[in-house]
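Working notes, structure below.
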Amino acid sequence: MSSTLTRLAPAGDAIRDAVAPRRRTRVLALPEARWAAVSLVLFLIALPLYLLDAPAWAWGPLLALTYASGGWEPGWAGLQALKEKMLDVDLLMVVAALGAAAIGQVLDGALLIVIFATSGALEAIATARTADSVRGLLDLAPATATRLGDDGTEESVPSERLAVGDVILVRPGERIGADGRVLDGASEVDQATITGEPLPVTKEAGDEVFAGTLNGTGALRVKVERDPSDSVIARIVALVEKASHTKAPTQLFIEKVEQRYSVGMVAATVALFALPLLFGAALRPTLLRAMTFMIVASPCAVVLATMPPLLSAIANAGRHGVLVKSAVVMEQLGQVDAVALDKTGTLTEGTPRVTDVRPLDSSGLDEDALLRYAAAAEHPSEHPLARAIVAAARTRNLDIPLVEDFTSAPGIGVTATVEGRMVAVGSPARLTDGRAIHPAAAVAARLEDEGRTAVLVEVEGAPVGVLGVADRLREEAAAAVTALTVLTGRAPALVTGDNPRAAARLASEAKITDVRAGLLPQDKVTMVRELEQAGRRVMVVGDGVNDAPALAAAHTGIAMGRAGSDLALQSADAVVVRDELATVPAVVALSRRARRLVVQNLVIAGTFITGLVIWDLAGALPLPLGVAGHEGSTVIVGLNGLRLLTDSAWRRALSGNGQ
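First residue of the sequence shown? That's 827 in my numbering, and the numbers climb one at a time after it.
Laid out in structure tokens, this is it:
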């Protein structure tokens, strides 16, 4: 029984309708299903004629057509494999059916063909769901988008022709044509298909939007920031498609054994037929027993035991924003027993935010007034700290006045005239020339001891307050750390190039006790090697260029995809597209469940084969019952593996119940 999954359609071929639901392959669209249906219908017409002792000319041609329609495709595939000096079990099934017909068991042979063809059709339909689940993502992307010219003219263009820098208009109720950022307009966007958020999210100027998400009641002008082929959806499909063509070590081992097993099975069948004849056994029952043995001993279910669970897990993870690059990786994820987490951009959001606003008592300013002065002076600057201060002022709905005489000194700070007053914002050490008696020095020192970056604000040369800026811990970080600890039996380690104070503060918030700070890229690799030498299988999660060597060196590397560097994305074995840290333990749990299903499948297949072979050798196993048992086990194994395609399987993994 072939275990090859249906190939995924290329990304360009999958984009069809502007608002297309997730599709499933129609049953009769598969050739295996069509031929199986023809074979079954012909058999059902011939069966009553045969049982009622009608003339052979009435049922004979119908059964012959049953053999032809149900057996030609696997027979031809088996002959092609034989040309390559490979023994395909499909061919053995067809030979067994023809052998049954040769000794007068015409109806039994036809039944074998029908059950065999039906089993193959069910397998093809079930495995096609893996491709459907991924291809359905691209159906969400609209076929066309409205591109705006420099003069404001509108042009309808295919979405795949959009380029980075294009500006598109998204009207109410339309799907967004590309990943980008809102230039102007406001609306609520339903992005459940990408982020899983149950409620629409308000989008305004500066917010990121994704291809395929559904716009609400407002109109948006969006600047395209990713090529359509590199959108979140397209990356999921491309990587999952690539992964679907890889084979896990378990599968490769099974396929290696399969050829030797099949040759041995044929030799045993010949011996089971020839030896009794040498001792005077009757031809018909001997041949029937040998053919039954060949059928029930075929390793169809064993061959199908491995890949459906792993590929189902890959497809499911891909639908939820985790791109696992191969079946090898999906199998390895479940073996992880030690985790190393990067800090900036992994445990944290990777964007500095104002955490403290501390006006000095002598300044006469409140928090809003202090932040307003700082934001006004920093507004023209492009520095990340400046953007954080301006964003904090906007969050408080503060009016940011225009400034004059803006100057910026790298490493020191900025100065500007705000409402006629000279305002300076920058490093406390540089602005104060290191004077410890400076009134703001104590406040700045306390903030820095807490792991924050201190920013001094002066008005007319006098200190008025200090701002604390820090990279904020992701909301799900602590829960993800706990989940990884439960999964691996060992608390994750924090590995970062940041200073020890900042690392320790963040580690305490994330409930991490093993903190390794001030590491260079080579130091992270050394740490991974040390853990591996201690017998650990290490998973590294990171996002930056400095994480790439450790990602490549680890047993498994996972990159945070939204802000991750290209080098990190290429070095990693899996990518978290949406930067949701909670999906990391979820995909590990999903991998472990996939590995358990592989073991279950191998046990099921082995039990059926052993039981049926013993029955045939020690008793008298009827051919139809042997066929039903063999093909039934194949279908059970295939469907059992495909259980991981369901959304409930992902929810269980996400909640920690999928271990």
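By construction, the Cβ of each residue, glycine as well, lies at the ideal position given by its N, Cα and C atoms.
Straight-line Cα distance separating residue j from residue i
i: residue 1276; j: residue 1040; result: 42 Å
i: residue 1367; j: residue 1375; result: 12 Å
i: residue 877; j: residue 863; result: 21 Å
i: residue 1489; j: residue 852; result: Only positions 827 to 1485 of the chain appear in the structure, and residue 1489 is not among them; the question remains open.
i: residue 1274; j: residue 1219; result: 22 Å
i: residue 1279; j: residue 1239; result: 13 Å
i: residue 1416; j: residue 1478; result: 9 Å
i: residue 1031; j: residue 1008; result: 5 Å
i: residue 890; j: residue 911; result: 29 Å
i: residue 1035; j: residue 1026; result: 12 Å
i: residue 1424; j: residue 1467; result: 7 Å
i: residue 1338; j: residue 1306; result: 11 Å
i: residue 930; j: residue 1089; result: 27 Å
i: residue 1145; j: residue 1221; result: 33 Å
i: residue 1074; j: residue 1401; result: Unreliable placement is indicated for residue 1074, whose pLDDT of 49 sits below 50; no coordinate value is reported for it.
i: residue 908; j: residue 1177; result: 60 Å
i: residue 1128; j: residue 1043; result: 53 Å
Which of helix, strand or coil DSSP assigns to residue i
i: residue 1290; result: strand
i: residue 1171; result: helix
i: residue 1249; result: strand
i: residue 1486; result: Shown here, the chain extends from 827 to 1485; a query on residue 1486 therefore has no answer.
i: residue 912; result: coil
i: residue 1041; result: strand
i: residue 1265; result: coil
i: residue 1350; result: helix
i: residue 1369; result: coil
i: residue 1121; result: helix
i: residue 1035; result: strand
i: residue 1182; result: strand
i: residue 1302; result: coil
i: residue 979; result: coil
i: residue 972; result: strand
i: residue 1363; result: coil
i: residue 936; result: helix
i: residue 832; result: Since pLDDT at residue 832 reaches only 35, below the 50 mark, its modelled position is unreliable, and no value is offered.
i: residue 1326; result: helix
i: residue 1463; result: helix
i: residue 990; result: coil
C-beta contact flag for residue i and residue j at 7 Å
i: residue 1319; j: residue 1311; result: no
i: residue 1336; j: residue 1303; result: yes
i: residue 806; j: residue 1251; result: Outside the shown range of the chain, which is 827 to 1485, sits residue 806, and nothing can be said about it.
i: residue 994; j: residue 1037; result: no
i: residue 926; j: residue 934; result: yes
i: residue 973; j: residue 983; result: yes
i: residue 1232; j: residue 1242; result: yes
i: residue 1131; j: residue 1428; result: yes
i: residue 1431; j: residue 1463; result: yes
i: residue 1142; j: residue 1471; result: yes
i: residue 1118; j: residue 1447; result: yes
i: residue 1300; j: residue 1377; result: no
i: residue 1294; j: residue 1187; result: no
i: residue 1355; j: residue 1179; result: no
i: residue 858; j: residue 947; result: yes
For residue i, the nearest candidate out of the options (CA to CA)
i: residue 991; options: 1286, 1054, 1354 and 1011; result: 1054
i: residue 1380; options: 1401, 1403 and 1352; result: 1352
i: residue 1476; options: 1412, 1398 and 1428; result: 1412
i: residue 1215; options: 1401, 989, 1223 and 1204; result: 1204
i: residue 1234; options: 1253, 1246, 1222 and 1118; result: 1253
i: residue 1230; options: 1249, 1224 and 1423; result: 1249
i: residue 1357; options: 1299, 1447, 1166 and 1454; result: 1166
i: residue 932; options: 1088, 1461 and 882; result: 882
i: residue 1290; options: 1342, 1334 and 1192; result: 1192
i: residue 1348; options: 1322, 1339, 1045 and 989; result: 1322
i: residue 1137; options: 1465, 940 and 921; result: 1465
i: residue 1450; options: 893, 868 and 936; result: 936
i: residue 1434; options: 1445, 1420, 1414 and 1457; result: 1457
i: residue 1196; options: 1098, 1410, 975 and 1292; result: 1292
i: residue 1012; options: 987, 1028 and 899; result: 1028
i: residue 1126; options: 919, 1342, 1285 and 1171; result: 919
beta-carbon residue i near the ligand SAH non-hydrogen atom, thresh 6 Å
i: residue 991; result: Summarising the ligand content, the structure contains no ligands, and the ligand SAH is consequently not present.
At 3 residues or longer, and completely inside the segment 1217 to 1247: list those beta strand (DSSP E) runs for me, N to C.
Within the segment 1217 to 1247, the complete beta strand (DSSP E) runs of at least 3 residues are 1229 to 1235 and 1239 to 1244.
Where in the segment 1400 to 1447 do unbroken runs of the beta strand (DSSP E), each at least 3 residues long, occur, reported from the N-terminal end onward?
1400 to 1402
Ignoring anything shorter than 4 residues, give me the alpha helix (DSSP H) runs that lie fully in the segment 861 to 931, in order along the chain.
882 to 909 and 915 to 928
Please give me, in chain order, every unbroken run of the beta strand (DSSP E) with length at least 3 that falls completely inside the segment 1089 to 1151.
1148 to 1150
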